[in-house]
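Residue numbers (our numbering): -8 to 508.
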């Protein structure tokens, strides 16, 4: 797989690279917040955001929460794209940031109970993935622990019933309505009946000559107002014995994968009652189980390639053309531990919680408990860059194990140009690193209206070191040296980078914060 060519501005020649100054770090600014929590306000568990995803265009954003709801936001400044492009062509600076507004929400999943296994299935949304848009309708996949649903969201004009058979001018105070031939009805009931004597064929009914002129049939009128309607198109159920940890769309637009701890299944979007098991790591004897699948993702452009990570810190690249059951991987990416560094916590902190392909498909970003790692698909000897995120927590691993914080699953994301990566941390902090060869950027920001409030100055920053092909950068072991205590109860697990702009959406409990640079 060849690296896609980039413009000379984006990727200078090696001879000129040394002469160019180091790129300036991004200056992050607050853009918007949705669902901001007031001081002292309690957050309901069902309102905590559990998934964030931009669509490919970046014009829509979806969030899922622990209550099984999916909330959609749409961009409001896209109407000015033509003017914006004009300004950029004239080399003017465009300072405005992407703006989003609430679009709609719907209940994706409900709590269920598996009677065969006596197991409660909570409604929490684990992952959301956008699908291809057709006919101005939005399509997306959402999943909880067991069931995946395929949703269609579209605008529909509001219809209302008018020309009712009701003459309001003759309505009496008690709500009764008089009309020809119905004078014995004294009071209307909620169900449409009346308290008077009901008519029967034996009643003497007299109609005026020519019939009842005031009797009219209701008419359905389509108004000019729009409402958003979400409809479940498919339900993909009963295919996973263990909790689903990830779903990923294929670039062919027709298939997707779902992964649990031991298996990865391949689905067709149009077929909900059949899936194909393409990866199965379940041993014949469960006592021999040594690792589980933690995340899986399709390659962004090659429909036959996907990657999945494991609890041992490895990433396997598989090719669907090799065999129907992909027991053998095409490539294995792992970092060998230094001799004598193994401890009780080594495997726990090595477990990969999230992987993301770069947009060009050349690199994979992985997140484990302590670090972010950037891998080159053409080099499986080790990561090309390692960014320290939680190194300052290494002396506290025993405490983190006791309170289960060591098992927290942090997500990661890459910028559309592949020059920056980001991930979350504790105290509602998130970190942004520059990953170009000459960059030394390592920013710490807080999910609040003032993201730079917790920025840590690091004048005595250690130099970057090169070890073989591995470049270690962004190390900041004194992240809390300024007196900021690490609050393990407030953690920023979920975030997403806009596909084409330097804009990040991140979740702090029930609040959705957006920043731009």
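Each residue gets a CB set at the ideal place from its N, CA and C atoms; glycine is no exception.
Query: Test item: CB-CB of residue 118 and residue 130 under 8 Å; Result: no
Query: Residue 60 versus residue 99: straight-line alpha-carbon distance, rounded; Result: 5 Å
Query: Cα-Cα separation between residue 290 and residue 35, rounded to whole angstroms; Result: 37 Å
Query: Bridge-paired residues (DSSP) for residue 517; Result: The displayed coordinates of the chain run from -8 to 508. Any statement about residue 517 would go beyond what the structure contains.
Query: Local Cβ density within 10 Å of residue 500, reported as buried at 16 or more and exposed below that; Result: buried
Query: Residue 93 - DSSP class collapsed to helix/strand/coil; Result: strand
Query: Buried versus exposed, by CB contacts within 10 Å (16 or more), residue 220; Result: exposed
Query: Three-pair Cβ contact test at 8 Å for the stretch 123 to 137 versus the stretch 147 to 154; Result: no
Query: Secondary structure of residue 426, DSSP reduced to three states; Result: coil
Query: With 16 other Cβ atoms within 10 Å as the buried cut-off, status of residue 93; Result: exposed
Query: 8 Å contact criterion, which residue 256 and residue 262 should meet: CB distance rounded; Result: Their Cβ separation, rounded to whole angstroms, is 12 Å, which puts residue 256 and residue 262 out of contact at 8 Å.
Query: Three-way DSSP call (helix, strand, coil) for residue 65 in this model; Result: strand
Query: Among 398, 115, 260, 288, the one whose alpha carbon lies nearest that of residue 223; Result: 260
Query: The stretch 320 to 334 / the stretch 276 to 293 touching (three or more Cβ pairs under 8 Å); Result: no
Query: Within 8 Å, strictly: CB atoms of residue 438 and residue 421; Result: yes
Query: Buried or exposed by the 16-neighbour rule on C-beta atoms within 10 Å, applied to residue 348; Result: buried
Query: Cβ-Cβ distance between residue 497 and residue 485 below 8 Å; Result: yes
Query: Bounding residues of the alpha helix (DSSP H) (the contiguous stretch that carries residue 497); Result: Careful: residue 497 lies outside any alpha helix (DSSP H), inside the beta strand (DSSP E) at 494 to 499.
Query: Where residue 403 falls: helix, strand or coil (DSSP); Result: strand
Query: Straight-line Cα distance separating residue 480 from residue 41; Result: 15 Å
Query: Extent of the continuous beta strand (DSSP E) to which residue 17 belongs; Result: Residue 17 -> no beta strand (DSSP E), and no H or E assigned at all.
Query: Residues of its chain near residue 529, where Cβ-Cβ distance is below 8 Å and the 5 sequence neighbours each way are ignored; Result: The structure shown does not extend to residue 529, since the chain is modelled only from -8 to 508, so the question has no answer here.
Query: Cβ-based neighbour list, residue 492, same chain, cut-off 8 Å, excluding 5 preceding and 5 following; Result: 49, 89, 407, 507
Query: Same chain, Cβ closer than 7 Å to residue 233, five either side skipped, listed in chain order; Result: 251, 252, 253
Query: Residue range of the unbroken beta strand (DSSP E) whose run includes residue 377; Result: 376 to 379
Query: According to DSSP, residues forming a beta bridge with residue 511; Result: This structure does not reach residue 511, given that the chain is present from -8 up to 508, and the question cannot be answered.
Query: Distance between residue 116 and residue 52 (C-alpha atoms, nearest Å); Result: 15 Å
Query: Where residue 360 sits in the DSSP three-state scheme; Result: coil
Query: Three-state secondary structure assigned by DSSP to residue 190; Result: At residue 190 the pLDDT is 48, less than 50, meaning the model places this residue with poor confidence and gives no usable figure here.
Query: Neighbourhood of residue 324 by C-beta distance below 6 Å, restricted to the same chain and skipping five residues each side; Result: 306, 366, 371
Query: Exposed unless 16 or more other CB atoms sit within 10 angstroms - verdict on residue 426; Result: buried
Query: Check whether residue 345 and residue 353 have beta carbons under 8 Å apart; Result: no
Query: C-beta atoms of residue 401 and residue 414 nearer than 8 Å; Result: yes
Query: Check whether residue 236 and residue 120 have beta carbons under 8 Å apart; Result: no
Query: CA-to-CA distance, residue 362 to residue 22, given in whole angstroms; Result: 28 Å
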